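A.B. asks: Sequential numbering of the sequence shown, starting at 49, is according to the working numbering. Starting off with a structure, shown below.
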Amino acid sequence: MKKICFLIVAVLAMISCGSNKNVASLSSLGGEWEIVKIDGSDVAAAEEKPFIGFNLADTLVYGSTGCNQLTGALNADASTGSIDFSALGSTRRMCADMEAEQQVLSALGRVSSFSVAEDGMLLLLDADKKTVIELKHK
Numbered sequence: 049m050k051k052i053c054f055l056i057v058a059v060l061a062m063i064s065c066g067s068n069k070n071v072a073s074l075s076s077l078g079g080e081w082e083i084v085k086i087d088g089s090d091v092a093a094a095e096e097k098p099f100i101g102f103n104l105a106d107t108l109v110y111g112s113t114g115c116n117q118l119t120g121a122l123n124a125d126a127s128t129g130s131i132d133f134s135a136l137g138s139t140r141r142m143c144a145d146m147e148a149e150q151q152v153l154s155a156l157g158r159v160s161s162f163s164v165a166e167d168g169m170l171l172l173l174d175a176d177k178k179t180v181i182e183l184k185h186k
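Put into structure tokens, the structure is as follows:
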């Protein structure tokens, strides 16, 4: 009887561990992600589509604000879901319309964690767990 109870508890534990779809691993970040929304609104039109890429092999972040290029070290921890974009560098060229760039840089400065939604969207969240940036895999 003890073995059966142990088996039931073990199976229930495995099922409950696999049911949380919002837990993201670093491997789920890999590749390039198009920035679709910032603070719930569509991203302003830009010269090129803003995106963020994650090179997991070299632990680097790269991307575009829609005008300038971004690059830096990937500072993320899958166990806590934390991510930090504060050390990213960027080129400094002027573009005809800097609105998208300002939106992207301002939003990245508020991001403190990440999650992958059930629909596969990458969500970058602020300290209050509010979605700041929504991205879709390219």
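Where is the CB? At the ideal position from N, CA and C, for every residue including glycine. As the structure is a prediction and not an experimental result, all values here were calculated from the model.
Check whether the Cβ atoms of T113 and L153 sit closer than 8 Å, and answer yes or no.
C.D. replies: For T113 and L153, yes; Cβs fall inside 8 Å.
A.B. asks: Do S161 and S130 have their beta-carbon atoms positioned less than 8 Å apart in this structure?
C.D. replies: Their beta carbons are under 8 Å apart, which means S130 touches S161 by this criterion.
A.B. asks: Please report the residue range of the beta strand (DSSP E) in which V211 lies.
C.D. replies: The question about residue 211 has no answer here: the residues shown for the chain are numbered 49 through 186.
A.B. asks: Take A124 and list the residues in its own chain whose beta-carbon comes closer than 8 Å to its own, dropping the five residues that flank it on each side.
C.D. replies: These residues qualify, in order along the chain: L74, L77, S130, I131, D132, F162.
A.B. asks: Just to check my reading of the structure: I86 and V164 have Cβ atoms closer than 8 Å, yes? What is that Cβ distance to the nearest angstrom?
C.D. replies: About 18 Å separates the two Cβ atoms, so there is no contact after all.
A.B. asks: To which residues does DSSP link G120 through a beta bridge?
C.D. replies: Looking at the DSSP assignment, G120 forms a beta bridge with V109.
A.B. asks: Quick one: what does DSSP say V71 is sitting in, helix, strand or coil?
C.D. replies: Here the model assigns V71 a pLDDT of 46, short of 50, so the residue's position is not dependable, and the following value carries that caveat. V71: coil per DSSP, three-state reduction.
A.B. asks: Hey, quick one: how far does the beta strand (DSSP E) through E147 stretch, first residue to last?
C.D. replies: Taken as a continuous stretch (DSSP letters only), E147 belongs to no beta strand (DSSP E), being part of the alpha helix (DSSP H) at 147-158.
A.B. asks: For I56, which of helix, strand or coil comes out of DSSP?
C.D. replies: Note that I56 has pLDDT 36, beneath the 50 cutoff, so the model's placement of it is unreliable and the number below is only indicative. Looking at I56 - three-state DSSP - the assignment turns out to be helix.
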